[in-house]
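Peer 1: Numbering (UniProt numbering), first residue to last: 1 to 412.
Every residue, glycine too, gets a C-beta built ideally from N, C-alpha and C.
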Amino acid sequence: MGAGAVVLWPEGEEPATATPAPSASASASPSASPTPATPLEKVDALIDAQAQALMKGDEAGWLAPVDRKLQTRYRAIFRNLRGLDLTAADLTIDGQPKMNGATMKVRVDLNYCFSGVDCPAHRSDPTAGAPVMISTLTWTPRNGSYVITGMAASGVENYLQPAPWESAALTIAQGQRVIVAGPGSQAANVRRVLPLAEKAAAVADRYGTQLHNAQKKYRIYLADDKAWKTWYEGLAPNWSVAYHLPLNGIGSDIVVKASKAMSGSDREITEIVQHEMGHAVTLNDTRNWDSEDDLWLIEGVAEYIGYQPSKPQNSYSRDALRYVQSRRGAVKTIALPKLTAKSDDLTVTRLYATGHFGVGCIAEKFGEEKMFNFVALVLREGLELDVASQVALGPPFKTVDKSCVSWIKKRL
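#1: Between which two residues does the beta strand (DSSP E) containing residue 255 stretch?
#2: Could you tell me the alpha carbon to alpha carbon distance between residue 79 and residue 235, rounded to whole angstroms?
#3: Does residue 401 pass the burial test, meaning 16 or more other C-beta atoms within 10 Å, or should it be called exposed?
#4: Using only the alpha-carbon positions, how far apart do residue 201 and residue 272 sit?
#5: Closer than 7 Å by C-beta to residue 165: which residues in its own chain qualify, once you throw out the five before and the five after it? Chain order, please.
#6: Is residue 347 helix, strand or coil when you go by DSSP?
#7: What separation, rounded to the nearest whole angstrom, lies between the Cα atoms of residue 24 and residue 71?
#8: In this structure, does DSSP put residue 334 in helix, strand or coil?
#9: If we count the other Cβ atoms within 10 Å of its Cβ and call it buried at 16 or more, is residue 176 buried or exposed?
#10: Just list the alpha helix (DSSP H) runs in the stretch 196–249, keeping only unbroken ones of 4 residues or longer that don't cross its boundaries, in chain order.
#11: Among the candidates 67, 42, 36, 91, whose CA atom is the shortest distance from the CA of residue 54?
#12: Buried or exposed: which applies to residue 314, given that a residue is buried once 16 or more other Cβ atoms fall within 10 Å of its Cβ?
#13: Kindly list the residues whose CB is nearer than 8 Å to the CB of residue 247, restricted to its own chain and excluding five residues on each side of it in sequence; keep chain order.
#14: Please report the Cβ distance between residue 58 and residue 93, rounded to the nearest whole angstrom; I am assuming they are in contact, meaning their Cβ atoms lie under 8 Å.
#15: Excluding the 5 residues preceding and the 5 following residue 347 in the sequence, name in chain order all residues of the same chain whose CB lies nearer than 7 Å to its CB.
#16: Once you ignore the five residues that flank residue 196 on each side, which residues in its own chain have a CB closer than 8 Å to its CB?
#17: Could you check what DSSP says for residue 362 in three-state terms: helix, strand or coil?
#18: For residue 156, name the three-state secondary structure that DSSP assigns.
#19: Using DSSP's beta-bridge definition, name the partner residues of residue 137.
#20: Who are the near neighbours of residue 39 in its chain, counting only those whose CB is closer than 8 Å to its CB and skipping five residues on each side?
#21: Hey, could you find the ends of the alpha helix (DSSP H) residue 405 is sitting in?
#22: Within 8 Å, do at least three Cβ pairs link the stretch 302–316 to the stretch 274–286?
#23: Buried or exposed: residue 350, going by 16 or more other Cβ atoms within 10 Å of its Cβ?
#24: In the DSSP assignment, find the beta strand (DSSP E) that holds residue 392 and state where it starts and stops.
#25: Under a three-way DSSP split, which group does residue 161 fall into?
#26: Let me know if residue 257 comes out buried or exposed under the rule of 16 or more other beta-carbons within 10 Å of its beta-carbon.
#27: Using DSSP with H/G/I as helix, E/B as strand and the rest coil, what is residue 11?
#28: Give me, in chain order, the residues of the same chain whose beta-carbon lies closer than 6 Å to that of residue 301; leave out the 5 immediate sequence neighbours on both sides.
#29: Would you call the stretch 183–199 in contact with the stretch 211–231, where contact means no fewer than 3 C-beta pairs closer than 8 Å?
#30: Mapping DSSP to helix, strand and coil, what is residue 193?
#31: Taking the straight line between their C-alpha atoms, what separation do you get for residue 393 and residue 193?
#32: With the cut-off set at 9 Å, would you say residue 390 and residue 284 are in Cβ contact?
#33: Is it buried or exposed, residue 299, if we count other Cβ atoms within 10 angstroms and call 16 or more buried?
#34: Would you kindly work out how many angstroms separate the C-alpha atoms of residue 207 and residue 136, rounded to a whole number?
#35: If you draw a straight line from the alpha carbon of residue 48 to that of residue 292, how long is it in whole angstroms?
#36: Compute the Euclidean distance between the alpha carbons of residue 395 and residue 173, then round it to the nearest angstrom.
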């Protein structure tokens, strides 16, 4: 960002007055001319003003350096970010520009944070620092200044792009604890989901407080089939109906596939949303970068939260596990291996349902508080199952596992 300089006289002192020597000429020498700003400095000042306009809600200021052909997209970005409760943003030039005559191409990073989360400084590495949208912008000289005449992908690998808000206008609904957004095709569904999500948030908040990981707000995007394939690289597994994505540990997004989820009942939609919020309160701001190794526990505790107030044996998990066992045999451990891209539907169902029952078993046998202590030690602190079990529950995990396998059999 461009920076100005302010010169302060020392407190209590006045600027010194020069006294000419007797032999000095009576004529004063002309003052030196200021150095003209370079093209890069001019662009830096323009994006600095843009960032300030974005935070102030000044749409005209945001659009001021944007060519007419790009204003629709830039207007959508502005309105989307403002509607999604943007509370911090910065634009930074990263790297050296490429010049073609007077036209400049340069990487510009838009860092952003929502809903009052602590927002770290910009980092060149997109997996560190605040979440970022990286673009290569083309700046063309016009009327003594520069305008943005091109906006393209940067070529930098960034798992947070394309973000749902960066290309087209969204329909956005804000509640007290939840923001729901989606493309225009999802306007009716956005309105339907908001009150359901508010109820789900009340449940998730209870566990967030228990885990000392209360969320500022929950953000849910409803994706149509096109958006599902493109948002955040479209890497969701084929079997998923929704996913939770941490934004560099600075909050998270929940993305729901509308064509699968919205055909369900209000109760089913609430369970989906509540499950994903369960991921937010158990996984956001974690110090454990290998939590996927314990996917049975990740999904198990999310199911436990998602189906509240129902117990596993009174939920869909009971029928699901019965069906899986009729084809794959009885449960032998609650700590099933993680899924892969080749996992079939039965394998996926078995992991979710067994994990749900496993977490429910631990909660019933040791109490919910100790169960969540165990979850926090494994998923948030990265402890091994056996160590976490002995610290939080008492017995070794092997004993807990064997006991829960027996517990599950009695409840199917």
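Peer 2: Quick look at the numbers:
#1: 252–257
#2: 26 Å
#3: buried
#4: 12 Å
#5: 77, 80, 81, 84
#6: helix
#7: Confidence is the limiting factor: at residue 24 the pLDDT is only 38, short of 50, which leaves the residue's position unreliable, though a coordinate-based value still follows. Those two C-alpha atoms are separated by around 59 Å.
#8: coil
#9: exposed
#10: 225–230
#11: 91
#12: exposed
#13: 131, 160, 253
#14: 21 Å between Cβ atoms; not a contact.
#15: 339
#16: 266, 269, 270, 273
#17: helix
#18: coil
#19: 106, 151
#20: 97, 99, 102, 104, 139, 141, 146
#21: 397–411
#22: yes
#23: buried
#24: Here residue 392 belongs to no beta strand (DSSP E); instead the alpha helix (DSSP H) covers 385–392.
#25: coil
#26: buried
#27: Unreliable placement is indicated for residue 11, whose pLDDT of 34 sits below 50; the coordinate value is still reported in the next sentence. Residue 11 falls in the coil class under three-state DSSP.
#28: 282, 359, 375
#29: yes
#30: helix
#31: 38 Å
#32: no
#33: buried
#34: 42 Å
#35: 39 Å
#36: 47 Å
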